[in-house]
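Participant: Listed in order, the protein sequences are those of chains A and Z. Each residue of the first sequence is one higher than the last, beginning at 3 in my numbering. Each residue of the second sequence is one higher than the last, beginning at 3 in my numbering. We put the beta carbon where it would ideally sit given N, CA and C, even for glycine. Please read through the structure below; I'll follow up with questions.
Number of protein chains: 2
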Amino acid sequence: MALTTLYMPKSKLIGLLIFVFTISAISVSNDGDPVAKTMEDFSGYPTSESESCSSGSLSSLSVDTQSLQRQIEELSSFSDSPAPSVTRILYSKKDVLARSYVKKLMQLAGLSIREDVVGNIFGKWEGFNSELAGVATGSHVDAIPYSGKYDGVVGVLGAIEAINVLRRSDFRPERSLEIIFFTSEEPTRFGISCLGSRLLAGSEPLVSALKNTVDSHDISFFEAARSAGYAQDQDDLTSVFLKKGFYSAFVELHIEQGPILEQEGISIGVVTAIAAPASIKVDFEGNGGHAGAVLMPQRNDAGLAAAELALAVEQHVLESGSIDTVGTVGILDLHPGAINSIPSKSHLEIDTRDIDETRRNNVIEKIHQSAVKITKNRKVQLSEFKIVNQDPPAASDESIIKAMEDASKELNLTHKLMISRAYHDSLFMARVSPMGMIFIPCYKGYSHKPEEFASIEDIANGVKVLALTLAKLSLG
Amino acid sequence: MALTTLYMPKSKLIGLLIFVFTISAISVSNDGDPVAKTMEDFSGYPTSESESCSSGSLSSLSVDTQSLQRQIEELSSFSDSPAPSVTRILYSKKDVLARSYVKKLMQLAGLSIREDVVGNIFGKWEGFNSELAGVATGSHVDAIPYSGKYDGVVGVLGAIEAINVLRRSDFRPERSLEIIFFTSEEPTRFGISCLGSRLLAGSEPLVSALKNTVDSHDISFFEAARSAGYAQDQDDLTSVFLKKGFYSAFVELHIEQGPILEQEGISIGVVTAIAAPASIKVDFEGNGGHAGAVLMPQRNDAGLAAAELALAVEQHVLESGSIDTVGTVGILDLHPGAINSIPSKSHLEIDTRDIDETRRNNVIEKIHQSAVKITKNRKVQLSEFKIVNQDPPAASDESIIKAMEDASKELNLTHKLMISRAYHDSLFMARVSPMGMIFIPCYKGYSHKPEEFASIEDIANGVKVLALTLAKLSLG
């Protein structure tokens, strides 16, 4: 049928796909609940059970929820913290294991694999019109300490399953379809979020910064990359840059990480814009001293300065008057960190975001003013106030929004247009390609913690909308 | 002369001692500034240079400031953080090395050594009237992370030098003189301050608590003790208890850890009372979540709860209206501790002290009320509010105060009566023995940080006052 597909009018093709997906919508398996396995128990890639899905039988046209659920569980076991939490840090042993696991799945999906020097992984399904720019999808699988199984993972394993769905429907893309496994969307190890996609988007400042970037154990970025098998021969990270127009479209499938879709009982979120994130590092210094011997008037406590600034961040965010402004102090460290020692140093890392860049930047300015005021009142020093990143928001591409909406409608899935308050690799891919994002509901909007959860049914819906959207976008 | 001393009337003996110390006061060496050495460089005990002091020459009657200074520098090199900071945690390799170093010095001072099951070390100089209760002195050498060289150390190495001074003066004690090296005065590893002296003072609750006490790496107290060579055969810590009256007096030499003596240019502080310390552990729990996705009204941020409580501690301490009330949040940890994750857990350790126990306990009650109020306002849970210890203040013994004052006068050293705002092993020794403390000035009152400093001249003055005080108290 592949050859006939080649000449099939788009209308008929989409018709076929809708037929396929309508059936699959009915036949989504509900017994996808996996049995917990040890690392020894599993092969690292689908078992014969799921491989049998590549036969042409009717059931094979459905999303293989059992394999997808199993893959999510198996990938979650590559973790440096105990289940149900997941901790997977850039270039760690567990990260490297997760990478080889995903590459195996890409191979089994018949994709040709390439990796760049920082470990962005590309799995390509060659289109029959290879002169045309390709269509890309993907996400990340790195996980902050003690987080969950679904953030990013759904957009990587879900994309591979979307390709399988398209193959099982005997679809053949005109534009090549490419899955991207992005390196380090989370800032955990080097304090840089979306490291891989920022580089793909051609960030020269990041290329220079990474030459002198070290982690909390003073391991340099390049040392770490080499330990994972990357950046072996060359230090030139500009080789990672993508030319603008290299892709005709980029679409990312992701859990909402917010409560809206679940609360409103809607299956699909069609993202129209991504909020603008900024992150700030602040260090205060005082004289410290003995907790018993130094009287209160003689103190300049760097820890209390940090406490005041943390509360000031909340205050300035609330003052913005918009529900869309958020700010968080996720890291607050005291030195020396002993019960009977007045903190002589404190370190805060602040995250603030908004869909309105000006409003967010006003919050940053107010936070800086508070930090300065605190140094005066408490006679501490502001030894650092560094805006690590201050990214602009990104808008989704109109034609991709339409493709995602059409796909949802054709699959009889409820959808709504919404904003992404969390940032994603899509924020940076938008700099070099038209961009769109598909959200699915997640339990109570929980994310970045072990309770993070998305049902396999919701994930399957997301996979189908992604597959149909890719199919639409892949037609030249 | 030893035998004649035996029958010499006290008045004449003290006369001799004053003669000795007056000369030594003039001949204190000022070139005690040591050359930095590597661990390989030094023997771990005094060189022939200082050993020659045990000859009967006139100079030998002085405090051997060169050896004492060298010993302070050498002991400071047993550290898990880089110089000039010192980090020496209970039962760590560096703690064990420091212990053997001090035991060598005790042996060279002709003391007979015993150790109890938790590693309190006793170096005894047998008095000629061994039926009488002995006189004890001593302090600790464990050091909180990134602290200094003098806290505790002056009271251990200084005590050994005081014994050497007495020996060089051909003095012989009637009551036995004993130097105690106390185990873990600092609470760093197990959250228990003055662990050794609390047990010596017969703390049954501590004996039970230690059965289930683990450090931050889940290493049990007994596991740790055994790794350092203690508590091998038995778990019965009551063997450590001292009978009340076992010592007729306990005197501790220590740096002031406050600025008063230095500011007023006074050589010796005679401590009349030790402030009452209390320590509290607090845990808050919230829902955490993604720093971008969870809107402000939906948050219950455990980190902001901790920040509010830290500031409340300061507020309640200041409300007490007394300069003698102090409170500190030295530890504040956030979980998971990622910039883009709302803290789901926070942990605080609070230290509060006062010379007035009731006033201090009122502060603790107010801190608890604030913690409860914060849980209501922020919808977080107060998963722990534990008063780890809440010790009463201790008063020095009148006769020991008189002995310390007389010694200062006879040595022509300025002194003042003062309060110890820091607690010490003396606080607990006071439960089983008449107690006194001798303070010496330290630079700007700095302590618990690398800048902690006491001049060798001030230390020598403290050693002489200690030696003469011990001599006075050792006479039956």
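1. Out of A:Met431, A:Lys151, A:Arg90, A:Ala293, which has the shortest C-alpha to C-alpha gap to Thr190 of chain A?
2. So the alpha helix (DSSP H) Thr67 of chain Z belongs to, where does it begin and stop?
3. Roughly how many angstroms lie between the CA atoms of Thr354 of chain A and Glu367 of chain A, to the nearest whole one?
4. Residue range of the beta strand (DSSP E) that Asp353 of chain A falls in?
5. Taking C-beta pairs closer than 9 Å, name the residues in chain A that Gln392 of chain Z reaches, listed in chain order.
6. Consider the Cβ of Asp353 of chain A: report whether some Cβ of chain Z lies at a distance smaller than 9 Å.
7. Assign Leu477 of chain A to one of three DSSP states: helix, strand, or coil.
8. Quick one: list the residues of chain A neighbouring Ser281 of chain Z, beta-carbon separation under 7 Å, in chain order.
9. Between which two residues does the alpha helix (DSSP H) carrying Asn414 of chain A extend?
10. Please give me, in chain order, every unbroken run of the beta strand (DSSP E) with length at least 3 that falls completely inside the segment 220-263 of chain A.
11. Relative to the alpha-carbon of Ser94 of chain Z, which residue among Z:Ile376, Z:Ser348, Z:Leu413, Z:Asp82 has its alpha-carbon at the smallest distance?
12. Beta-carbon within less than 7 Å of Pro452 of chain Z's beta-carbon, same chain only, minus the 5 sequence neighbours each way: which residues are those?
13. By the 8 Å beta-carbon criterion, what residues does the segment 285-308 of chain A contribute toward chain Z?
14. Using only CA atoms, which one of Z:Pro395, Z:Ile352, Z:Gly125 lies nearest to Ile389 of chain Z?
15. Measuring only the C-alpha atoms, how far is Gly464 of chain A from Ser78 of chain A?
16. Closest Cβ-Cβ distance between Gly464 of chain A and chain Z: below 9 Å?
17. Looking at chain A, is there any beta carbon in it that lies within less than 9 Å of the beta carbon of Val331 of chain Z?
18. Compare the C-alpha of Asn486 of chain Z against each of Z:Ile162, Z:Tyr232, Z:Gly247, Z:Pro207 and name the closest.
19. 9 Å is my cut-off, CB to CB: does Ile114 of chain Z come that close to chain A?
20. Kindly say whether Gln383 of chain A, judged by its beta-carbon, lies nearer than 9 Å to any beta-carbon of chain Z.
21. Cα separation between Asn122 of chain Z and Ala227 of chain Z?
22. On the premise that Gly294 of chain Z lies in contact with Arg423 of chain A, defined as a C-beta separation below 8 Å, what is that separation, rounded to the nearest angstrom?
23. Return the chain-ordered ranges of every alpha helix (DSSP H) run that is complete within the segment 101-133 of chain Z and spans a minimum of 4 residues.
24. Is Ala405 of chain Z helix, strand or coil by DSSP?
25. For Gly478 of chain Z and Arg301 of chain A, I'd like the C-alpha separation in whole angstroms.
26. Taking 7 Å as the limit between beta carbons, can you name the residues of its chain near Val467 of chain A, skipping five residues before and five after?
27. Apply the 10 Å Cβ neighbour rule to Ile344 of chain Z and answer buried if 16 or more other Cβ atoms are within range, or exposed otherwise.
28. In the DSSP output, which residue or residues are listed as bridge partners for Ser281 of chain Z?
29. At a Cβ cut of 8 Å, what residues of the segment 308-319 of chain A count as close to chain B, listed as they run along the chain?
30. Ala164 of chain A lies in the alpha helix (DSSP H); which residues open and close that run?
31. Under DSSP, the alpha helix (DSSP H) around Pro207 of chain A begins and ends at which residues?
32. Step through the CB atoms of chain Z and report whether any lies within less than 9 Å of the CB of Pro395 of chain A.
33. Around the Cβ of Val284 of chain A, are there at least 16 other Cβ atoms within 10 angstroms (buried) or fewer (exposed)?
34. Within 9 Å of any Cβ in chain A, is that where the Cβ of Asp238 of chain Z sits?
35. Measure the alpha-carbon distance for Ser141 of chain A versus Pro338 of chain A and round it to whole angstroms.
36. Tell me the DSSP secondary structure of His142 of chain Z in three-state form.
Facilitator: Let's see:
1. The residue given as residue 190 of chain A occupies position 188 in the first sequence. Per the Cα distances, A:Arg90.
2. As a working mapping, residue 67 of chain Z is identified with position 65 in the second sequence. It spans 67-78 - the alpha helix (DSSP H) in which Thr67 of chain Z sits, taken as one unbroken run.
3. Taking the first sequence and counting its residues from 1, one reaches residue 354 of chain A at position 352. Taking the first sequence and counting its residues from 1, one reaches residue 367 of chain A at position 365. Thr354 of chain A and Glu367 of chain A: Cα-Cα distance of roughly 11 Å.
4. The count along the first sequence starts at 1 and reaches residue 353 of chain A at position 351. From DSSP, the beta strand (DSSP E) with Asp353 of chain A extends over 347-356.
5. Translated into the one-based positions of the second sequence, residue 392 of chain Z becomes position 390. Here the premise fails: no neighbours, minimum Cβ distance about 14 Å.
6. On the first sequence, residue 353 of chain A is found 351 positions in, with the first residue counted as 1. So, interface residue.
7. Along the first sequence, read from residue 1 onward, the residue named residue 477 of chain A stands at position 475. It is coil, neither helix nor strand.
8. Numbered from its first residue, the second sequence carries residue 281 of chain Z at position 279. Here the neighbours are Ile341.
9. Here the question's residue 414 of chain A lines up with position 412 in the first sequence. Taken as a continuous stretch (DSSP letters only), Asn414 of chain A belongs to no alpha helix (DSSP H), as it is neither H nor E.
10. 249-257
11. As a working note, residue 94 of chain Z is residue 92 in the second sequence. Of the candidates Z:Ile376, Z:Ser348, Z:Leu413, Z:Asp82, the one whose C-alpha sits nearest the C-alpha of Ser94 of chain Z is Z:Asp82.
12. Residue numbering aside, residue 452 of chain Z sits at position 450 when the second sequence is read from its first letter. Only Pro86, Ser87, Tyr148, Gly150 meet the Cβ criterion.
13. Asn289, Gly290, Gly291, His292, Ala293, Gly294, Ala295, Val296, Leu297, Met298, Pro299, Gln300, Asp303, Gly305, Leu306, Ala308
14. Your numbering for residue 389 of chain Z matches position 387 in the second sequence. Comparing Cα positions, the closest option is Z:Ile352.
15. Here residue 464 of chain A is taken as the residue at index 462 of the first sequence, counted from 1. Here residue 78 of chain A is taken as the residue at index 76 of the first sequence, counted from 1. Going by the C-alpha atoms only, they are around 20 Å apart.
16. On the first sequence, position 462 is the one that residue 464 of chain A refers to. With 9 Å as the cut-off, Gly464 of chain A does not count as an interface residue toward chain Z.
17. Sequence index remark: in the second sequence, residue 331 of chain Z carries index 329 (1-based). Taking Cβ atoms only, chain A reaches closer than 9 Å to Val331 of chain Z, which makes this a yes.
18. The requested residue 486 of chain Z does not occur in the structure, where chain Z is confined to residues 3 to 478.
19. Counting from one through the second sequence, the residue named residue 114 of chain Z turns up at place 112. Looking at the sequence shown, residue 114 of chain Z is not Ile but Ser. With its beta carbon at least 9 Å from every one in chain A, Ser114 of chain Z lies outside the interface.
20. Here the question's residue 383 of chain A lines up with position 381 in the first sequence. Chain Z, which has no Cβ nearer than 9 Å to the Cβ of Gln383 of chain A, makes this no.
21. Counting from 1 along the second sequence, the entry for residue 122 of chain Z is found at position 120. Counting from 1 along the second sequence, the entry for residue 227 of chain Z is found at position 225. Their backbone Cα atoms lie some 11 Å apart in a straight line.
22. Here residue 423 of chain A is taken as the residue at index 421 of the first sequence, counted from 1. Here residue 294 of chain Z is taken as the residue at index 292 of the second sequence, counted from 1. Yes, they are in contact, since the Cβ atoms of Arg423 of chain A and Gly294 of chain Z sit about 5 Å apart, within 8 Å.
23. none
24. Position 403 of the second sequence, counted from the first residue, corresponds to residue 405 of chain Z. Helix.
25. Position 476 of the second sequence, counted from the start, is the residue given in the question as residue 478 of chain Z. Position 299 of the first sequence, counted from the start, is the residue given in the question as residue 301 of chain A. Their backbone Cα atoms lie some 46 Å apart in a straight line.
26. The sequence position of residue 467 of chain A within the first sequence is 465, counting from 1. Ile270, Met406, Ala409, Ser410, Leu413, Leu415, Ile440.
27. Within the second sequence, residue 344 of chain Z is the residue found at index 342, counting from 1. Buried, by the Cβ-count rule.
28. For the purposes of this step, residue 281 of chain Z is taken as the residue at position 279 of the second sequence. Answer by DSSP bridge pairing, in chain order: Z:Asp353, Z:Asn391.
29. No chain B is present in this structure, whose protein chains are A and Z.
30. The residue labelled residue 164 of chain A in the question sits at position 162 within the first sequence. First-last of the alpha helix (DSSP H) with Ala164 of chain A: 155-170.
31. Against the first sequence, residue 207 of chain A aligns to sequence position 205. Pro207 of chain A -> alpha helix (DSSP H) spans 206-213.
32. Sequence index remark: in the first sequence, residue 395 of chain A carries index 393 (1-based). No, Pro395 of chain A does not count as interfacial toward chain Z.
33. Taking the first sequence and counting its residues from 1, one reaches residue 284 of chain A at position 282. Flag for Val284 of chain A reads buried.
34. Here the question's residue 238 of chain Z lines up with position 236 in the second sequence. No - not a single Cβ of chain A is within 9 Å of the one on Asp238 of chain Z.
35. Along the first sequence, one-based indexing puts residue 141 of chain A at 139. Along the first sequence, one-based indexing puts residue 338 of chain A at 336. Spanning the two alpha carbons is a distance of roughly 39 Å.
36. By one-based count along the second sequence, residue 142 of chain Z stands at place 140. Of the three classes helix, strand and coil, the one that applies to His142 of chain Z here is strand, per DSSP.
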